[in-house]
Structure formats: structure tokens, C-alpha cells
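Protein chains in written order, with our numbering: chain H, 185 to 356; chain G, 14 to 439.
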């Protein structure tokens, strides 16, 4: 994928990604309209499909709200690249099929408006504006399976349809 | 079999398709059978939507799923009422035994334990980051997203990475006015807000004997604020005494193996900790309150899943008794559950709060996340016994939150600025 980047700092928390006052809805489109509002009120209006969010350490820290990756995905963001991610955000993103990449080297040279390309399969990230290239550890195979299936629900639905799950049932 | 940390011991007994005796290697991805699955009025609607997309009719165990409407309740507007209605309809349709609504609901991480729904050695997953609170009882409790919880409701399983464990060795005896909040703020100051990412924190050491169960809930609650996946205490006599009157189910002590391997060991002498605050805008921005007493406040919030238990209200009442909330401060006290509220009324604490000029609310998460019951205007600052002081957390993006324990919050409410309890008591 290829896109224009939006640069954010360290410790971008879920209240900044989607403030709690909007959590009285779980409609992805309504959430997307307020995406990143805690840091940049212009983001939701200006972001284009395929744009990339690039941030520093601990992206997505704070609450477990899945509304945060949902808002980002629904806003059209193709991938989030960060120096590191908070744990719950990381698994939420994988679970809902939002690609994320850990690449501190690329983040260090990031600036608003740069054009980047990312190959999730090979772990190659190109800063097209600067003409530089970084590699990142590809997402673990188990998580890549989830992303390829379209997220955890789609992957689990397949296992349920195949009769593999659920294998636990409460007794009578 | 190699020695195991608390987290490793619990996960070893909950892996699906792997013998308990098989090695437990941090970093391994495993499927885990869960004992309880928790969601609230913000996260359950998405979980229910995803559950219905899975192609199963029933939850895996109607006793295991716990739905608590606590964030925007009693409902603040039509949209939040619709969300609570989603829980209600789902609970009725699927026969969910543990669904708690206004009047019987409390803040989930207060109510859950009070009801005896978590036992030592359990695995609890919740669609709320502060699910880690239950680690105080020797359970492996961790927050996840709604989609994880949907799958857990349907299958009783989640995927998980076995965490490394960081041991937090607590030494010494806390001094007067130092509580669980001050201990966890010091821990977060030392670790940083991402210092424990992907890891489990395990609290240990001689100071545990001086930490009540309510203090432990406060400490485990904010493990997530250091990025941790869980924050566990051993299930000792203090935990077992708490559970004794709350559950008829068998409970047993649980401790880590003596020679377990820890990724890191952090020693904290609690006797050197002072009543503390976390200044905006990160929970790691911690300093002794005596270094911040020039900072004025507009609101004081005493409550939440962090500090909304009876011991917290007793501490606040001790300071507010016979004194008055500063005329420029709104002080809002929020008991964490109906039982905490009832105990506070019976003990006369509610009289103390009302006579001091504080407002007392029904149990709710309310202002902690800027939901309702005390949202801040631009330019305002709150001292709050809650857990996050991110920019805009409690309302306007131009407002501020200072985190503190109930003693500092109550003293600050009286002084109209951040204050050490001794300042208002003398």
C-alpha cells in the first residue's frame, strides 16, 4: 500500500483517538467523523482513503475501546506505523483487520505529508519522499492469518462453521 | 517442571490442548479457556454485534458472562440509553445470569469482586482496560477489545501471548495518608507508562501484609497505566478473608513458586513514599503533593474503579468530617457500588460528605472518562481519584486532571488547591 502520512507523537491515547463523549455510538462512520479529534480537529475532515498514521512510542495507550481502531479504519487509514504500540490497541487492530507496523527507524524520519509505501508481506517500508527504505519484522503468522481472514470474527466464524469451535460448553 | 510466576501458573492450567506440565514460555501464543467474560454499556454493544456475526446461537456458559451497565448510567442521553438497552435485550434473549442494571449495578471492577465472581486462579477477560483490577485476588485478569469478548462469549476461549512477569517487591510500611494509590503511582513513575507493556506485574514482598484488599484493588487497577497486561497479587489470608463472606464456592491460597524467573525485579520501599499526585497529562508524571501545593483546583472527584470502595470513602470522610469544601470547588463523591453506597450511608459517611458541601452520586464511571456527572469546562482543573489524566479525559480538551488518592483529593477539596492531608488537619 502507498499513502500520505500524518505524523503524531508519543503516547497517543485512546481518548485522543476517539474521545469518550462519542462512545454513546458504536457506528463506525459516526466514530470516524471524530477520529484523532483529541490531537487534530482537522484530521477527520482532511484524511483521504489510503493515508497512513505514523506515531511514536506506545500508540493507543489507555482504554480498551475498540472504537479507536474502528474509527481509524473507517476514516480510511490504510495502516498505522508506530515506534511501539500499547498492548490492547495492538490486538484490537489485528482483530478488526487494521494493519499495523512497528518500525521505530522509519518513524524517526517521518514528517507530515511524506509519501510512504508499505509491503506487509515482505516487511519493507519505503519513505518515497526521502528515498529511504527500512525493514520491519513481519506480523507473526498467527496474526497474519487473522488479518488475511478479515479479522478475528471472520476467522472464528470459519472455525465455527467447520465444527472446530466452540469446544467448551457449560454442563447441564 | 520449572518454577512459575503467578501468571504462568494460572495460564498453564487454562491453556487449551496443552498439558499443565508442558513448558510455559513467555512470548508463546496460546488459546486460553476463560472463567469469566466481562463487558459494559460502552463495549458490550460492539461485542454483541460481533457475537451475532459469528454464527452461534448461545453463549458458551450463561453463568460465565457478566454484563454491567456502568459507564453512562443512569443513562445520560437517548444514545446511551439505547446502548444499555442492547445489553438488556441480549441478556434476556441469551439467558445471561449476571446482567446488572441501574439499582443493582455498580462500577464493574468494584461490583464483580463484591459479588464473589472472581476467585484466585481464575482467568477473567473483560472489554475494559481496568479488568486487571481483579488481579488483587490472585486471578489472571486482563482487558481486551469488544471483538475478543465476542469470541470469548461464543467459545469460552481467547488467544493470548504468554507474558513475561515483572516482580514489584514492596518493602517497608506505608506512612500515614499513604495508600494503594500512592504505591501504584510510584510504581508507574518508576516504570513509565509503557514500562510493562505486554508483561504481567506481580506484587510481592513484606509490605503486602500492610496492604488491605481495597488498597490492592487500587494497585492492580492501574497496572494497565504502566502498559501491563495484568497486575497480580498472591491469594493470601487477606484475599481469602475478603472472599470468605462473598462466595460459597471453594477458594484456595495461590502463590508464585519461590524460584520463578522474572524478566525484571523492581524494589520499592513504601515507607519512603509520600502522598502523591500525577500531574497532567500522563499517569507517570508523579511527584509528592507537597511539591505541587500552589496548583488550584475547580473540582474534586472521589470514586471510580480505582478508588470507589468503602475504605477510600472512609479516608475521604476522615478528612472532610467537620470541615467544608472550598467555596470555589465542586466535590463529587461516587460510591463504586450499591453496597459501598449503603455502607457509606450506614457508617454516616454520606452525612459527612453532604455536610461538608460535597455532592454524592449514585454509582457510575461518570466523570472519570468525561461521560457525565462532573464534566470539565475549558480552563478547569480537577483533582481526581481516577486512573487517567490524559488531555481532555474529563471533558474539554483545555481542561486538566490531576490524579491522587482519596486523602489528597479530600484535602485538596477543602484547600481549593492541591494539598497534603496534614495541611488541612492541623
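Glycine included, each C-beta is placed from N, C-alpha and C at the ideal position.
- Task: Return the residue from the list H:205, H:192 and H:255 that minimises the CA-CA distance to residue 280 (chain H).
- Result: H:255
- Query: Excluding sequence positions up to five away, which residues of its chain have a Cβ less than 7 Å from the Cβ of residue 71 (chain G)?
  - Reply: Closer than 7 Å at the Cβ level, and outside the excluded window around residue 71 (chain G), lie 107.
- Could you give the residue range of the alpha helix (DSSP H) that holds residue 253 (chain H)? 251-258
- Item | Three-state secondary structure assigned by DSSP to residue 160 (chain G) | Here residue 160 (chain G) sits in helix by DSSP.
- Burial state of residue 407 (chain G), where buried means 16 or more other Cβ atoms lie within 10 Å: buried
- Task: Work out the CA separation of residue 325 (chain G) and residue 48 (chain G) for me, nearest whole Å.
- Result: When rounded, the distance between both Cα atoms is 29 Å.
- In whole angstroms, what is the alpha-carbon distance linking residue 341 (chain H) and residue 68 (chain G)? Distance from the CA of residue 341 (chain H) to the CA of residue 68 (chain G), rounded to the nearest whole angstrom, comes to 6 Å.
- Determine the contact status of residue 294 (chain G) and residue 413 (chain G), defining contact as a CB-CB distance below 9 Å. yes
- Message: Between which residues of its own chain and residue 356 (chain H) is the CB-CB distance below 6 Å, once the five residues before and five after are set aside?
- Response: The predicted position of residue 356 (chain H) is uncertain, since its pLDDT is 46 and thus under 50; no value can be drawn from it.
- Thinking C-beta only, is residue 52 (chain G) closer than 9 Å to residue 81 (chain G)? Going by C-beta atoms, residue 81 (chain G) is nearer than 9 Å to residue 52 (chain G).
- Task: For the alpha helix (DSSP H) containing residue 440 (chain G), list its first residue and its last residue.
- Result: Examination of residue 440 (chain G) is not possible in this model, given that chain G is present from 14 through 439 alone.
- Under the three-state DSSP convention, the category residue 197 (chain H) falls into: strand
- Task: For my contact list, residue 328 (chain G) and residue 133 (chain G) are in at a C-beta cut-off of 8 Å; report their separation, rounded to the angstrom.
- Result: That belief does not hold up - the Cβ atoms of residue 328 (chain G) and residue 133 (chain G) are roughly 27 Å apart, past 8 Å.
- Message: Just to make sure I have the definition right: I need the residues of chain H whose C-beta is within less than 9 Å of the C-beta of residue 96 (chain G). Which are they?
- Response: Here the neighbours are 207, 208, 209 and 210.
- Is any heavy atom in the ligand MG found nearer than 8 Å to the beta carbon of residue 298 (chain H)? What this structure holds is no ligand at all, so the ligand MG is not there to describe.
- State yes or no: is the beta carbon of residue 248 (chain H) nearer than 9 Å to at least one beta carbon in chain G? yes
- Contacts that residue 199 (chain H) makes with chain G (C-beta to C-beta distance below 9 Å): In chain order: 382, 383, 401, 403, 404, 405 and 406.
- Query: When the cut-off is 9 Å and only beta carbons count, does residue 340 (chain H) lie next to chain G?
  - Reply: yes
- Query: Does the region 154-164 of chain G come close enough to the region 24-41 of chain G to have 3 or more Cβ pairs within less than 8 Å?
  - Reply: no
- Considering only residues of the same chain and omitting the five flanking positions on each side of residue 32 (chain G), which have a CB-CB separation below 6 Å? none
- Item | Amino acids of chain G, ordered along the chain, whose beta-carbon sits closer than 9 Å to that of residue 317 (chain H) | Near residue 317 (chain H) there are no residues of chain G at all, since even the closest Cβ is about 27 Å away, more than 9 Å.
- Query: Does the Cβ-Cβ distance between residue 259 (chain G) and residue 40 (chain G) come in under 9 Å?
  - Reply: Against a cut-off of 9 Å, the Cβ pair of residue 40 (chain G) and residue 259 (chain G) comes out as no contact.
- Verify the CB distance criterion: does residue 26 (chain G) have a CB-CB separation below 9 Å to chain H? no
- Tell me whether residue 442 (chain G) sits in a helix, a strand or coil according to DSSP, three-state version. The question about residue 442 (chain G) has no answer here: the residues shown for chain G are numbered 14 through 439.
- Task: Starting from residue 241 (chain H), find everything on chain G with Cβ-Cβ shorter than 7 Å and list it in chain order.
- Result: 207
- Query: Using the beta-carbon of each residue, which ones in chain G are nearer than 9 Å to residue 326 (chain H)?
  - Reply: Close partners of residue 326 (chain H) in chain G (Cβ separation under 9 Å): 42 and 172.
- Message: Closest to residue 271 (chain H) by C-alpha separation, out of G:312, G:241 and G:402, would be which residue?
- Response: G:241
- Task: Mind checking which residues open and close the beta strand (DSSP E) that includes residue 96 (chain G)?
- Result: Not the beta strand (DSSP E): residue 96 (chain G) falls in the alpha helix (DSSP H), residues 91-107.
- To the nearest angstrom, how far is it from the Cα of residue 194 (chain G) to the Cα of residue 418 (chain G)? 5 Å
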